[in-house]
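This report refers to the structure that appears directly beneath it.
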Amino acid sequence: MTDFAGIDDQLRVAKERVRHLEHLTRQRGALTGQIQQVRQAIVDLTPRLAEEEQDVVRLESGFVGFLAKLAGSKEERLAQERIEAEAVRQRLHGHRLRLSALEGDLEGIDAERVALEAAPGEYARLLGEKERLLIELDGDPRGRDLAELASTLGDLTADLHEHEEARKAGMAAGAELAHVLDRLNSARGASTWDMFGGGVLADSIERNRLQQADEAAWRAQRALDVFARELADVGVMANPRLPEVDTRWFVDTFFDNIVTDVMKHHRITGTHDAVAQAAQWVEETVASISRRTAELSSECALLQARRDALLAPGP
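Shown next, in the form of structure tokens:
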């Protein structure tokens, strides 16, 4: 019997390259959607920031500020407007950084796709060679079985790789979300202390932890973006995002006495609960993918054993 091991190995590698090209194409589609989403957020936030900054200017030197001063409320209103402006500014900055990262991912995917342009043609050529060898076998049924096995094994191997990539991306997202929760837990503890007279030290710790939580939240969103693209590649359509929350609690601490300690504590708790829900969804999704990964691994092992038996020399 003709030795199929060599050409089957070539076919499997070629098919993996074709599947990887398909994988990149699907990821590019999901990535393009993410980029459009972030660009729209930037478009929406840019005029909002201009409006908030204009409100600050009006209170600082305009007629509105003069009236507020007469009413004895200028400083309070000015501080609040600055809070609003800073919150929008931070949100806009975060989305711009996120867009830059996504556009970098797009460049990397496009570069990989260019390197794989010849993969479909090479796979077709190898299939033609395999067909020629099958014809030469003059009806040996093992040849046909091996051809079918090679095709099925190639698909399963690619599926296994894609599920493993999704699992790893989910674990990375879960780790980032855990860091956000850790910072929020610490901030919540400091906030509780502050409510019971923790003073300047508690306020300082709370401010520091909230700043760290804000930075961690953007890193977590980045990991969720990657996870979403890997999920799309295994047929799971999702758009996991950290919930839209009132991010002013990240800057309220710079303007003490404007927002009460109790309100800040409630905001921190609410944000913690929302992030915890996102973390739970990631954990459950990763568990589901892990189960499917184990199933695919078993199927691949069974097919490989069957192929080895067909290729084994006769007695």
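Residue numbers (our numbering): 1 to 315.
Where is the CB? At the ideal position from N, CA and C, for every residue including glycine.
Item	Value
Meets three-Cβ-pair contact criterion under 8 Å: the stretch 81-101 and the stretch 115-130	no
Continuous beta strand (DSSP E) assignments of at least 3 residues falling wholly in the stretch 281-310	none
The stretch 159-176 / the stretch 266-276 touching (three or more Cβ pairs under 8 Å)	no
Exposed unless 16 or more other CB atoms sit within 10 angstroms - verdict on H23	buried
V114 CB to nearest heavy atom of the ligand ADP below 6 Å	For the ligand ADP, the structure offers nothing, since it holds no ligand at all.
Check whether Q211 and L242 have beta carbons under 7 Å apart	no
A216 (DSSP reduced to helix, strand or coil)	helix
Reduced DSSP category for A238 - H, G, I as helix; E, B as strand; rest coil	coil
Own chain, CB closer than 7 Å to V18, minus 5 neighbours either side, in chain order	A119, P120, Y123
Buried/exposed call for H93, threshold 16 Cβ in 10 Å	exposed
For E51, three-class secondary structure by DSSP	helix
Beta-carbon proximity check, A172 vs A223, cutoff 7 Å	yes
Which of helix, strand or coil DSSP assigns to L116	coil
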